[in-house]
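A.B. asks: Can you keep this structure in mind? I'll have questions shortly.
Protein chains: 2
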Amino acid sequence: MEEKETCPAQRLLKILSGKWKAEIFRLAVESPLRFNNLLRQIQGSNKQSLATALKELEEEGLLEKTTIKLKPLHIEYSLTEKGKALIPVFRQLEGLS
Amino acid sequence: MEEKETCPAQRLLKILSGKWKAEIFRLAVESPLRFNNLLRQIQGSNKQSLATALKELEEEGLLEKTTIKLKPLHIEYSLTEKGKALIPVFRQLEGLS
DNA sequence: GCGGGTAGTCAAAAAAAATTGACCTATTGT
DNA sequence: ACAATAGGTCAATTTTTTTTGACTACCCGC
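So the protein lines, in turn, are chains E and F. All residue numbers for the first sequence refer to my numbering, where the first residue is 5 and numbers rise by one. All residue numbers for the second sequence refer to my numbering, where the first residue is 5 and numbers rise by one.
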């Protein structure tokens, strides 16, 4: 059942809070991500959850997917400008924890 | 199953993202909250969810519960200092939406 | 043409979060 | 005394999220 947003921050908050999302975001700040790589780095995670998380972060415009056509032909996920704009938010949250 | 936090922001993010939490927080910024009042203000919500949300926000140290011993003897929930420290975070999130 | 790596999808099951309705106690207004 | 208001709790159910396992498809090296 779709509900209207009463609070503008809520959507973003919801998207960022899904399981593994914060972790994915943190790694994305360091360098572009690759799927199977993530799967190995984030212990306890699984394909499906990561795929869903990446898709949602992408749909929200925080990550962008690029096909790298060189060497071992792979896909990279990297922070968009909107994604980078969230870095200070994360830093503030971390400061409060 | 309890899991260890890999990301310090994650806990806070999770707590803030629960249903109605952002709305509760927003109202708390304006003025102290009262239970049955909230129940009327937030349409679509319910006692149990609000009770849980308030308890979690309180346990996280973002809200504090005060018994007002005057006039109609009631309880108020208001932002703690830690809670107030989150206001700019919300503003940033809203700016990005 | 086999094994390994990359990047996934799908359906089903399990776990966590949210909702419902009944119930409860204490205080207040009339 | 009675009903309403305030502030909840509890158990059961529903909904949403997360996990699991099986399966695809493409490319590369040998």
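For every residue, glycine included, the Cβ atom is placed at its ideal position computed from N, Cα and C.
1) Verify the CB distance criterion: does V33 of chain E have a CB-CB separation below 8 angstroms to chain F?
2) Using a C-beta to C-beta distance shorter than 8 angstroms, which residues of chain E count as neighbours of K110 of chain F?
3) Nearest-angstrom Cα distance between K23 of chain E and S53 of chain E?
4) Give me, in chain order, the residues of the same chain whose beta-carbon lies closer than 8 angstroms to that of A57 of chain F; leave out the 5 immediate sequence neighbours on both sides.
5) Drop a sphere of 10 angstroms on the beta-carbon of G65 of chain E, count the other beta-carbons inside from all chains shown, and report buried for 16 or more, exposed for fewer.
6) Helix, strand or coil: how does DSSP classify L83 of chain E here?
7) Near I2 of chain E, what residues of its chain come up, given a Cβ to Cβ distance below 8 angstroms and the 5 sequence neighbours on each side ignored?
8) In terms of residues, what are the limits of the beta strand (DSSP E) holding K73 of chain F?
9) Note the first and the last residue of the continuous alpha helix (DSSP H) segment covering N50 of chain F.
10) Name the DSSP beta bridge partners of L90 of chain F, please?
C.D. replies: Inspection of the coordinates gives the following:
1) To locate residue 33 of chain E, count along the first sequence from 1; it is residue 29. It does not: the Cβ of V33 of chain E has no partner Cβ on chain F nearer than 8 angstroms.
2) Within the shown structure, residues of chain F are numbered from 5 to 101, placing residue 110 of chain F beyond reach of any answer.
3) Stepping through the first sequence from its first residue, residue 23 of chain E is reached at position 19. Stepping through the first sequence from its first residue, residue 53 of chain E is reached at position 49. About 8 angstroms.
4) To locate residue 57 of chain F, count along the second sequence from 1; it is residue 53. Closer than 8 angstroms at the Cβ level, and outside the excluded window around A57 of chain F, lie G22, K23, W24, K25, I28.
5) Sequence index remark: in the first sequence, residue 65 of chain E carries index 61 (1-based). Exposed, since its Cβ has fewer than 16 Cβ neighbours within 10 Å.
6) Locating residue 83 of chain E in the first sequence gives position 79, where the first residue counts as 1. Strand, per DSSP.
7) Because chain E here runs from 5 to 101, residue 2 of chain E falls outside it and cannot be looked at.
8) Within the second sequence, residue 73 of chain F is the residue found at index 69, counting from 1. Element bounds for K73 of chain F: n/a, residue is neither H nor E.
9) Position 46 of the second sequence, counting from 1, holds the residue named residue 50 of chain F. Run containing N50 of chain F: none; DSSP gives neither H nor E here.
10) Stepping through the second sequence from its first residue, residue 90 of chain F is reached at position 86. Paired residues: none, contrary to the question.
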